[in-house]
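What follows is one structure encoded as C-alpha cells, with my remarks underneath.
There are 2 protein chains.
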Amino acid sequence: MANETMKIPQATAKRLPLYYRFLKNLHSSGKQRVSSAELSEAVKVDSATIRRDFSYFGALGKKGYGYNVNYLLTFFRKTLDQDELTKVALIGVGNLGTAFLNYNFYKNNNTRIELAFDVDSDKVDTKIGDVPIFHLDDLEEKVVAENIQVAILTVPSVHAQTITDRLVASNIKAILNFTPARLNIPASIRVHHIDLAVELQSLVYFLKHYPMNQENESE
Amino acid sequence: MANETMKIPQATAKRLPLYYRFLKNLHSSGKQRVSSAELSEAVKVDSATIRRDFSYFGALGKKGYGYNVNYLLTFFRKTLDQDELTKVALIGVGNLGTAFLNYNFYKNNNTRIELAFDVDSDKVDTKIGDVPIFHLDDLEEKVVAENIQVAILTVPSVHAQTITDRLVASNIKAILNFTPARLNIPASIRVHHIDLAVELQSLVYFLKHYPMNQENESE
DNA sequence: GTAACTTTGTTTCATCTTTCACATATCAAC
DNA sequence: GTTGATATGTGAAAGATGAAACAAAGTTAC
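The listed protein sequences correspond, in order, to chains A and B. In terms of this note's numbering, the first sequence opens at residue 2 and continues consecutively. In terms of this note's numbering, the second sequence opens at residue 2 and continues consecutively.
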C-alpha cells in the first residue's frame, strides 16, 4: 500500500540513503536486476526488512523477478530529493571539520557544504576543496545571505550552545551536532547528535556485557 | 528489581555513557543531588526513561529526594568498567583519524588508543598526542603483541574489508567502522557503523519529509 | 503452453522501547 | 510528630521495529 503523503517509519528512513548508495554501486557495475536477498547480503539488513521498507513506497518490484535497478534508482533519487539541493554550512574547521570538507558529499548528492567558519586566522579566507572558510564573526550574515538550511557543528563543546543560538537566529532548519553538548533548541529545529566518545564507550560496554554471538547493528 | 547478571536493554546501554558524562559534570560543579527531571533537562531524555534506565540497576535514588550524585557516579563508574582499560587501535590517520587521536579519550575514561596505523611514510614513526603511528604492514604483529581489543576504522572505504579481515585474524573483538563499507565479519565480532554521509542524508530526509515540531534523537 | 521455480508484498507474531500515571516512600518545615 | 510537598520505581498501555512465513504473481525452461 503506497501513499505519497504517508509517513515512513524513522527506522526505514534512516536506511534509505544506504539503499540508495548501494543501488548506485550496482548500477555503475552494470547490474540490471537485484533481489532483496542480494541487497540484503550487500547492506547487511534482513531481506524481509528490505522488502518491507520498499513496500512503504508501493510495489516497486516484480514477483519472481526482483527489482529493476534502474527503476529503483530513479525512484529513490526522487524520493530522497536528490535533485533538490540542500545547502549546508560547517562550523569549526578542525580535524573533524576538515574530514567533512574533504568528503565528497557533493558528488551525486543532494547536499552541499557551501560555507565553512572558523576563528583561526590561518584558516579564514582560505578554501578546503571548493568550500570557502569565513570568520565566525560573519556567521549570521553569510548563513542568511546564502539561505543555508543545515549546519554541521564540529566545534569545541564549550562553544556549541552559543553558536547554536546564533544559528537558530539565522533561520537554520537542522543541525548535525558532533559535540558532546546536548543543545537547547526550539522544537521546530531538527538535531541529530553523533557523539564519538559515546559511540566508543557504548561499543565497549556491549563488548563486555553482551554475548558475542549475534549480528549487531549500527548507530 | 536489580540483578547483576541481568541484561540491560540495548537502548539503555547506549545512554549510559551519556548519563555518566553529565553526572561527572554535575559532580565537578559541586552538585550533591539531582532529580530525574533535572537530568532530563540536561541530557534531553524523558525523565521517565531515565528513571526506568536507572531502575534496571536497582533502586539508586530516594523517593522525595532524587539521586545522590556521588553515589550514582561511583555506581556507574563500576558499571561502565571505568577502572578496567580497553585497548584500542586506530587504522587510518587522515583527518578523521587525527580528530580521534586528538580527542581526549584517555582522560577519565576506560578506553585508550594505544596504536595508530597508516601507509603514509610522512606519518609512520611519528606520534599524535601520545599515540605512536606504525606502518600498516605491522598491523598484525602490533595488534597481537599489545592485545588490542577494539579497532577504529578510518580508512578509505576500498580498503575497509581487507583491513577488517586482517583485524579479525589478529583477534580483534570489536570494530568502530567509519567507512561507508558494510563489513563481512564473523558473528562473534561486534561492529558499529557510523556513516557520515548517511547521517547527513537522513537528517535532510527528515527535514524535508517530517513535520518539524517535535524533539528528535541522535545517532 | 505447462510445470517448476523464484521472489515479492503482506499478514502475523514476537520483541523492544517509550511513555503515562500513580501508589509509595522519603524529605522538609513547623 | 504531623502535614504537605516531592520525586522515585514500576505496572500497564501504547508505539515502534524486526523477522517469519506464505499466498500470489510472475519468470524461466522445456
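Beta carbons are placed, not taken as given, at the ideal position from N, Cα and C, and that holds for glycine.
Is I173(A) close to chain B? Criterion is C-beta to C-beta, closer than 8 angstroms. Position 172 of the first sequence, counting from 1, holds the residue named residue 173(A). No, no contact with chain B.
Return the CA-CA distance between I186(A) and L102(B), expressed in angstroms with no decimal places. Here residue 186(A) refers to the residue found at position 185 when the first sequence is read from its first residue. Here residue 102(B) refers to the residue found at position 101 when the second sequence is read from its first residue. Rounded to the nearest angstrom, the two C-alpha atoms are 30 angstroms apart.
Measure the CB-CB distance between V205(B) and T87(A) and report whether it falls below 8 angstroms. If you number the second sequence from 1, residue 205(B) lands on position 204. If you number the first sequence from 1, residue 87(A) lands on position 86. Against a cut-off of 8 angstroms, the Cβ pair of T87(A) and V205(B) comes out as a contact.
I190(A) - DSSP class collapsed to helix/strand/coil: Residue 190(A) sits at position 189 when you count from the first residue of the first sequence. Judged by DSSP in its simplified three-state form, I190(A) adopts coil rather than helix or strand.
Name the chain A residues whose beta carbon is nearer than 7 angstroms to that of K45(B)? Taking the second sequence and counting its residues from 1, the one referred to as residue 45(B) is at position 44. Result: R183.
Give me the Cα-Cα distance between A100(A) and L97(B), rounded to the nearest whole angstrom. Residue 100(A) sits at position 99 when you count from the first residue of the first sequence. Residue 97(B) sits at position 96 when you count from the first residue of the second sequence. Distance between the alpha carbons of A100(A) and L97(B): 5 angstroms.
Report the residues of the segment 96-128 of chain B with a CB closer than 8 angstroms to any CB of chain A, ordered along the chain. Answer set for the segment 96-128 of chain B: N96, L97, T99, A100, F101, N103, Y104, F106, N110, N111 and T112.
Who pairs with Y68(A) in a beta bridge, going by DSSP? As a position in the first sequence, residue 68(A) is number 67, starting the count at 1. Bridge partners of Y68(A): V35(A).
Expressed to the nearest angstrom, what Euclidean distance is found between the alpha-carbon atoms of T127(B) and T80(B)? Locating residue 127(B) in the second sequence gives position 126, counting from the first residue. Locating residue 80(B) in the second sequence gives position 79, counting from the first residue. Linking T127(B) to T80(B) through their CA atoms gives a straight-line distance of about 36 angstroms.
Output needed for V132(A): all residues of its chain with C-beta closer than 8 angstroms, excluding positions within five of it in sequence on either side, in chain order. What you label residue 132(A) is simply residue 131 of the first sequence in a count that begins at 1. Counting only Cβ-Cβ distances below 8 angstroms, and skipping sequence neighbours, we find L91, L102, I114, E115, L116 and A117.
What's the gap between the Cα of L154(A) and the Cα of F207(B)? Translated into the one-based positions of the first sequence, residue 154(A) becomes position 153. Translated into the one-based positions of the second sequence, residue 207(B) becomes position 206. Rounded to whole angstroms, L154(A) and F207(B) show a C-alpha spacing of 18 angstroms.
Would the beta-carbon of V151(B) fall within 8 angstroms of that of A175(B)? Translated into the one-based positions of the second sequence, residue 151(B) becomes position 150. Translated into the one-based positions of the second sequence, residue 175(B) becomes position 174. Yes, these two residues count as a Cβ contact at 8 angstroms.
Along chain A, which residues have their Cβ under 7 angstroms away from the Cβ of V169(B)? On the second sequence, position 168 is the one that residue 169(B) refers to. In chain A, no part has a C-beta under 7 angstroms from the C-beta of V169(B); the shortest such distance is about 13 angstroms.
Does G62(B) pass the burial test, meaning 16 or more other C-beta atoms within 10 Å, or should it be called exposed? Along the second sequence, one-based indexing puts residue 62(B) at 61. Counting C-beta atoms within 10 angstroms of its own C-beta, G62(B) has 16 or more neighbours from the protein chains shown and is therefore classed as buried.
Just to confirm my understanding: we take S29(A), look at its own chain, exclude 5 residues before and 5 after, and list those with CB closer than 7 angstroms. What are they? In the first sequence, residue 29(A) corresponds to position 28, counting from 1. Cβ contact annotation for S29(A) (same chain, cutoff 7 angstroms, sequence separation greater than five): none.
Compare the C-beta of K64(A) against all C-beta atoms of chain B and say whether one is closer than 8 angstroms. Looking up residue 64(A) in the first sequence gives position 63. Closer than 8 angstroms: no.
Span separating the alpha-carbon of Q162(A) from that of L140(B): Along the first sequence, read from residue 1 onward, the residue named residue 162(A) stands at position 161. Along the second sequence, read from residue 1 onward, the residue named residue 140(B) stands at position 139. Using only the alpha carbons, I get a separation of about 40 angstroms.
Leaving out five residues on either side along the sequence, give the residues of the same chain with a beta carbon under 6 angstroms from the beta carbon of L40(A). Indexing the first sequence from 1 puts residue 40(A) at position 39. Excluding five sequence positions before and after L40(A), the CB atoms of its chain that fall closer than 6 angstroms to its own CB belong to I51, given in chain order.
Apart from the five residues on each side of it in sequence, which residues of its chain come closer than 7 angstroms, Cβ to Cβ, to S48(B)? The residue you call residue 48(B) lines up with position 47 of the second sequence. Once the five neighbours on either side are set aside, the close Cβ partners of S48(B) are S37, A38 and S41.
Could you check where the alpha helix (DSSP H) with K25(A) kicks off and where it finishes? Residue mapping note: residue 25(A) aligns to position 24 of the first sequence, counting from 1. Its alpha helix (DSSP H) spans residues Q11 to S29.
Identify the continuous alpha helix (DSSP H) that holds R167(A) and give its terminal residues. In the first sequence, counting from the first residue as 1, residue 167(A) sits at position 166. R167(A): member of the alpha helix (DSSP H) spanning A161 to A170, first to last residue.
Taking its Cβ as the centre, do 16 or more other Cβ atoms sit within 10 Å of K124(A), making it buried, or is it exposed? Locating residue 124(A) in the first sequence gives position 123, where the first residue counts as 1. Counting Cβ neighbours within 10 Å, K124(A) comes out buried, since at least 16 surround it.
Considering D119(A), what are the terminal residues of the beta strand (DSSP E) in which it resides? Against the first sequence, residue 119(A) aligns to sequence position 118. Unbroken beta strand (DSSP E) run through D119(A): T112 to D119.
Report the residues of the segment 196-208 of chain A with a CB closer than 8 angstroms to any CB of chain B, ordered along the chain. For the segment 196-208 of chain A, which is checked against every Cβ of chain B, the residues closer than 8 angstroms are D196, L197, A198, V199, E200, L201, Q202, S203, L204, V205, Y206, F207 and L208.
Nearest to R191(A) (by Cα), restricted to the options Y211(A), L177(A) and R22(A): Numbered from 1 along the first sequence, position 190 holds the residue referred to as residue 191(A). Closest by C-alpha distance to R191(A), out of Y211(A), L177(A) and R22(A), is L177(A).
Using the beta-carbon count (16 or more within 10 Å), is A60(B) buried or exposed? The count along the second sequence starts at 1 and reaches residue 60(B) at position 59. So A60(B) counts as exposed.
Helix, strand or coil for L86(A)? Go by DSSP, reduced to three states. Sequence index remark: in the first sequence, residue 86(A) carries index 85 (1-based). Of the three classes helix, strand and coil, the one that applies to L86(A) here is coil, per DSSP.
Could you tell me whether the Cβ of V145(B) comes closer than 8 angstroms to any Cβ of chain A? Here residue 145(B) refers to the residue found at position 144 of the second sequence. Not closer than 8 angstroms to any Cβ of chain A, the Cβ of V145(B) fails to qualify, so no.
What residues in its chain sit with their C-beta under 6 angstroms from that of K45(A), if we drop five residues either side in the sequence? By 1-based counting over the first sequence, the position of residue 45(A) is 44. No residues qualify anywhere along the chain.
Beta-carbon contacts of L168(B) that lie in its chain and below 6 angstroms, excluding the five residues immediately before and after: Stepping through the second sequence from its first residue, residue 168(B) is reached at position 167. Excluding residues within five positions, the ones whose Cβ falls inside 6 angstroms are A152.
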